[in-house]
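Okay, so here's the structure we're looking at.
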Ligand code: F3S
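Residue numbers (the working numbering): 3 to 66.
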């Protein structure tokens with residue numbers, strides 16, 4: 003099972019994670035991203051990896 007986490011101190015609100023994987027991420031009122039589901043269903047694994055790579059702040063961590 004893949005797990006996602008976001009370092010809120012690194013996130014600058016670029017929202018590329020939401021663009022890549024709207025089923026996994028959303029942004030709060032201050033523009034900081036949060037994960038909708040810490041455990042990623044297998045069908046969303048590719049989107050999760052794409053979001054990690056897309057974040058210019060390297061704020062998203064993924065563990066398997
Ligand atoms: Fe934040 Fe990176 Fe997403 S800066 S909003 S985690 S693309």
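Beta carbons: idealized from backbone N, C-alpha and C, even for Gly.
As the structure is a computational prediction, the values presented were derived from the model and not from experiment.
Taking 7 angstroms as the cut-off, is the C-beta of residue i nearer than that to any heavy atom in the ligand F3S?
i, result
"residue 62", "yes"
"residue 71", "In the structure as shown, the chain starts at 3 and stops at 66, and residue 71 therefore has no counterpart that could be examined."
"residue 18", "yes"
"residue 8", "yes"
"residue 40", "no"
"residue 37", "no"
"residue 56", "yes"
"residue 32", "no"
With H, G and I counted as helix, E and B as strand and the rest as coil, what does DSSP make of residue i?
i, result
"residue 5", "strand"
"residue 32", "coil"
So residue i packs on residue j, CB below 8 angstroms; how close in whole Å?
i, j, result
"residue 49", "residue 5", "About 14 angstroms separates the two Cβ atoms, so there is no contact after all."
"residue 8", "residue 37", "6 angstroms"
With residue i as the anchor, note down where its beta strand (DSSP E) starts and where it stops.
i, result
"residue 64", "62-65"
For the alpha helix (DSSP H) holding residue i, just list the boundary residues, first then last.
i, result
"residue 49", "47-56"
"residue 17", "Careful: residue 17 lies outside any alpha helix (DSSP H) and carries neither H nor E."
The region 40-47 in contact with the region 12-19 per 3-pair CB rule at 8 angstroms: The answer is no - the region 12-19 does not touch the region 40-47, with fewer than three Cβ pairs under 8 angstroms.
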